[in-house]
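Q: The structure follows.
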Amino acid sequence: MKRGELIESLINIVLLSLLVGIAIAIVCMKDLFAVVMLAGIYGLISASFFVVMDAVDVAFTEASVGAGISTLLMLVVITMTGRTEHPTRHKPLLAIFVVVVTGGLLIYGTFDMPYLGAIDAPIHTHVAPRYINESMQEVGVPNIVTAVLASYRAFDTFGEVVVIFTAGIGVLALLSVVRRRDEDSVIDSINDSMHEQHLILRIVSKMMIPFIMLFALYVQFHGDYGPGGGFQAGVIFASAIILYVLLFGLSTARKVINQTLIQLIAAFGVLFYGCVGLVSLLNGGNFFDYNVLSSDPIAGQHLGILLIEWGVGCTVASVMIIIFFNFAGRKEFQQRNGNLIDNISKKNKGI
Amino acid sequence: MIFDLDIIRELISALFLFMGSFLCISGGVGILRFPDFYTRMHAVGVTDTLAAAMILIGLMLQNPDGLVVIKLSLILLMTLFINPTASHALAKAAFHNGLMPLIEKNKKNNSLPDKKQESEKG
Amino acid sequence: MLIAATLAVLVVMLLAIIRTVIGPTLYDRILAVNMFGTKTILLLSLLGFVMGRPEFLDIAIVYALINFISVIAVLRYSDSFEFGSKTGEKTAENRIPQSGERLELGNKEAE
Amino acid sequence: MIMGLFNDWVVVVLMMIGLYIIIAHGNLIKKIVGLTIFQTSVFIFYISMAKIDGGTAPILVDGVTQYSNPLPHVLILTAIVVGIATTAVALALIVRIKEAYGTIEEEEIQEQDSQHKDSHKLNIHNSSEINRDKKEC
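So this is what it looks like as structure tokens:
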């Protein structure tokens, strides 16, 4: 046991040092492509760190979000905005001063912190023991994180889902492009060059896409018993569709996936989540009190968690799809109207 | 008898893990030391397929429970599918975009920009 | 042996990071990131056994899938980068301009 | 003590690196990466607090009594997904800034703003709106 802990702390130190090293490398690099690649690696390492710290659910989320979607979005954006960073003209002395002073104060503050892994730290004394000891009787779900997320703190999670939905609307408002039917053929010719080249890639990916979707459903429904849940499943499902878009082009994907339907599903997920709370209210319980959903409280809890995880999964998946479609669509729009935008920016620069 | 089998299993597992780690490290040194992209890709090929397979098989032997072995073999299957495909696509994209392998014959081609400058000067 | 394998994987991760940082070409970076992803899958599988709860291999499966998607995404979008024109990198010997137009585009971006 | 507080120190260092990128670098994409680093340092802080010596992941199994604290895990799990959603909005704003100004360097944007003050009243109105959005984000 002692030896295992030693190894754990060694891995902990190595991973954290790698994180610091990568962060410093990100500061120094001017090539934004390399910065984005390093940010992807940063996400991977922090996810491994979360596994060492026993936070498997968090690692699951970080794996799909930090390493996958976020790298992807940044990459799409730097293809639109240019790849190199211009050097700043003023000296960063003031910034260094601010950072060093703040960091020094924060490090001075850490000396009062409880040590890593201390069992008597204040955080472990209030509500956590109840979650760990009682959740099996009260909620009946082995994964305590899911129990807390979907049952004890369901209202909080509802707020998070609304935030994600709002972000989807924001991206839609900022980037959506009005498309005309006759433009699709032009777009096809832009996209085809990539697809012709990678026959093997296309065939292997075709085999992978159903598997990824199946795995997303497994994560969705297995979230009560292992790491997983609606958030992770939504992101994984969205990444399957993103893979399809990457390989077969945006216009083909638009024929397969109806954009209006996806937007409706995003709204439907939030509504569905809220309605579960309303139904429990109408049945005589509190908002998101699942005990009253069924005659047996435990069965009610199971039903409630299942339903709201569906709502979360729907919203997260469709918002991620909306975000990616809009970024890729904007890029396509810029490619088509490249001259126009060039002219505008030249005019701005010239005057 | 069962005890003996367990020891043999452990030994084989340790052997697989050792081979895997060795190949991992050699591939890692390769990606750092090799001179150009295509040779580095060769080093990565070793770590991504054979070393990964060795380590995963070693882990399967560590814990011959049903679900764990199934998940490990799923990972193994996916590594064997995905990594060669990704490497293939990567090499193809690199070649299409004009990255030349570092061989003697291509040295002349590679110094094209310099030549242009020289001719401009002349 | 498990611990030795974990340490070996960590060392290789370090080497891959160094390759990502020093580049020199775009494809070297993608290659190193891809390799890093595979090493992370191995590390996660190993960690499950080192820490005594090997049932969390789902995370490694997710990694395998996401890694594939991100490599394809990088390939798809790196096509639109101008090749080779980078700041302060010693890629001169590996660089070959594909066509005049591409080079011109790169210059425009650099301005 | 070094072992006990190492995680906290790394959190402080990462947080300050993120802060430095946000303050000192003018490129908006770089600023977003800096924000991500800052964000991740907070995640690491929370997750480190949840760890208990000898505890395992908070998924109940027979024969284990010591589990890590599940509450920070819940908070951070949702924070990660919300983080990517807000990052997406920030990136969308950057794309629009690039379209409006032709650059994503902070200094050049401010320069253009000051130059346009007299001639393009309408234009400056729009761009200041974009700038305000960026700051709020």
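Chains as they are written, first to last, in the numbering used here: chain A, 108 to 458; chain B, 1366 to 1487; chain C, 59 to 169; chain D, 31 to 167. Here a beta-carbon is modelled for each residue, glycine too, at the ideal position from N, C-alpha and C. Here the structure is a predicted model, which means the values were calculated and not measured.
Going along chain A, which residues have a C-beta under 7 Å from Ser103(C)?
A: Here the premise fails: no neighbours, minimum Cβ distance about 10 Å.
Q: Per DSSP, which one or two residues make a beta bridge with Tyr97(D)?
A: Tyr97(D) pairs with Thr86(D).
Q: With a CB to CB cut of under 6 Å and the five nearest residues on each side skipped, what residues in its chain are close to Ser300(A)?
A: Residue confidence is low: Ser300(A) scores 49 on pLDDT, short of 50, so the model does not pin down where it sits. No coordinate-derived value is stated.
Q: Taking Val311(A) as the query, report the chain E residues whose CB atoms sit under 8 Å from its CB, ordered along the chain.
A: Checking the listed chains, one finds no chain E in this structure; the protein chains it contains are A, B, C and D.
Q: Just grab the DSSP bridge partners of Gly224(A) for me.
A: For Gly224(A), which the question treats as bridged, DSSP gives the partners Ile82(D).
Q: Can you list the residues of chain D that Ser177(A) reaches, using a CB-CB cut of under 9 Å?
A: Neighbours of Ser177(A) on chain D, chain order: Thr66, Gly113, Ile114, Thr117 and Ala118.
Q: List the DSSP bridge partners of Glu135(D).
A: In the DSSP output, where bridge partners are listed per residue, Glu135(D) has Asn57(D).
Q: Alpha carbon to alpha carbon, how far is Thr1404(B) from Leu256(A)? Give it in angstroms, no decimals.
A: Approximately 48 Å, taken between the alpha carbons.
Q: May I ask which residues mark the beginning and end of the alpha helix (DSSP H) holding Tyr121(C)?
A: Where Tyr121(C) is concerned, the enclosing alpha helix (DSSP H) stretches over Asp116 to Ser136.
Q: Is Thr168(A) near Phe338(A), with beta carbons less than 7 Å apart?
A: Going by C-beta atoms, Thr168(A) is nearer than 7 Å to Phe338(A).
Q: From the DSSP output, in three-state form, read off Asp1430(B) for me.
A: DSSP places Asp1430(B) in coil when its eight states are reduced to three.
Q: With a threshold of 7 Å on Cβ separation, who are the neighbours of Phe262(A) within its own chain once the five nearest residues in sequence on each side are excluded?
A: The answer, listed in chain order, is Phe394 and Phe395.
Q: Decide yes or no for the touch test of the segment 374-382 of chain A against the segment 411-423 of chain A: beta carbon pairs closer than 8 Å, at least 3 of them.
A: They touch, by the three-pair rule.
Q: Once DSSP output is grouped into helix, strand and coil, what is the label at Thr191(A)?
A: Thr191(A): strand per DSSP, three-state reduction.
Q: For Ile176(A) versus Tyr149(A), is the C-beta distance shorter than 7 Å?
A: No. Outside cutoff.
Q: Closest Cβ-Cβ distance between Ile130(C) and chain D: below 7 Å?
A: False, the Cβ-Cβ gap to chain D never drops below 7 Å.
Q: When burial is assigned at 16 or more other CB atoms within 10 Å of the CB, is Ala62(C) buried or exposed?
A: The residue in question, Ala62(C), is exposed, as its Cβ has fewer than 16 Cβ neighbours within 10 Å.
Q: Are the beta-carbon atoms belonging to Arg437(A) and Val94(D) less than 7 Å from one another?
A: No. Outside cutoff.
Q: Could you check whether Ser1378(B) and Leu1441(B) sit closer than 7 Å to each other, using their CB atoms as the reference points?
A: No.
Q: For Asp138(A), which residues does DSSP report across the bridge?
A: In the DSSP output, where bridge partners are listed per residue, Asp138(A) has Thr191(A).
Q: Would you call Gln88(D) buried or exposed, if buried means 16 or more other Cβ atoms sit within 10 Å of its Cβ?
A: Strictly speaking, residue 88(D) in this sequence is Pro, with Gln absent from that position. Classification of Pro88(D): buried, given that the 10 Å Cβ count is 16 or more.
Q: Leaving aside the five residues before and after Phe431(A) along the sequence, list all residues of the same chain whose C-beta is less than 6 Å from its C-beta, in chain order.
A: Answer for Phe431(A): Ile349, listed in chain order.
Q: With a cut-off of 7 Å, does the C-beta of Met320(A) fall near any C-beta of chain C?
A: Answer no: the Cβ-Cβ gap between Met320(A) and chain C never drops below 7 Å.
Q: Using the three-state DSSP reduction, which class does Asn250(A) fall into: helix, strand or coil?
A: Three-state DSSP puts Asn250(A) in a strand.
Q: Within the continuous alpha helix (DSSP H) that includes Gly341(A), where are the two ends?
A: Run containing Gly341(A): Gly337 to Phe355, per the alpha helix (DSSP H) assignment.
Q: Do we get a CB-CB distance below 7 Å when we pair Val67(C) with the residues of chain D?
A: So no, Val67(C) is outside the interface.
Q: Which residues in chain D sit within 8 Å of Phe94(C), going by Cβ to Cβ distance?
A: Simply none; closest approach about 17 Å.
Q: Can you name, in chain order, every residue of its own chain whose Cβ lies under 7 Å from the Cβ of Glu135(D), other than the five neighbours on each side?
A: Excluding sequence neighbours, Glu135(D) sits near Gly56 and Asn57.
Q: Quick one: which residues of the segment 111-135 of chain C get their C-beta closer than 8 Å to a C-beta of chain D? List them in chain order.
A: Result list: Arg111 and Phe114.
Q: Classify Thr83(C) as helix, strand or coil using the three-state DSSP reduction.
A: Looking at Thr83(C) - three-state DSSP - the assignment turns out to be coil, as it is neither helix nor strand.
Q: DSSP state of Gly330(A), grouped into three classes?
A: In the structure shown, Gly330(A) sits in coil (DSSP, three-state: anything other than H, G, I, E or B).
Q: Where do the N-terminal and C-terminal ends of the alpha helix (DSSP H) with Lys438(A) fall, by residue?
A: Where Lys438(A) is concerned, the enclosing alpha helix (DSSP H) stretches over Pro404 to Arg443.
Q: Cα separation between Leu371(A) and Ile276(A)?
A: Cα to Cα, the separation comes out at about 12 Å.
Q: Just how far apart, CA to CA, sit Val206(A) and Pro194(A)?
A: So the two alpha carbons sit approximately 20 Å from each other.
Q: With DSSP run on the structure shown, which of helix, strand or coil describes Phe141(C)?
A: Only weak support exists for where Phe141(C) lies, its pLDDT of 42 falling under 50; the value from the coordinates is given anyway. Note: Phe141(C) maps to coil in three-state DSSP.
Q: So which residues of chain C does Ser171(A) contact, with C-beta pairs closer than 8 Å?
A: The contacting residues are Val120 and Ile124.
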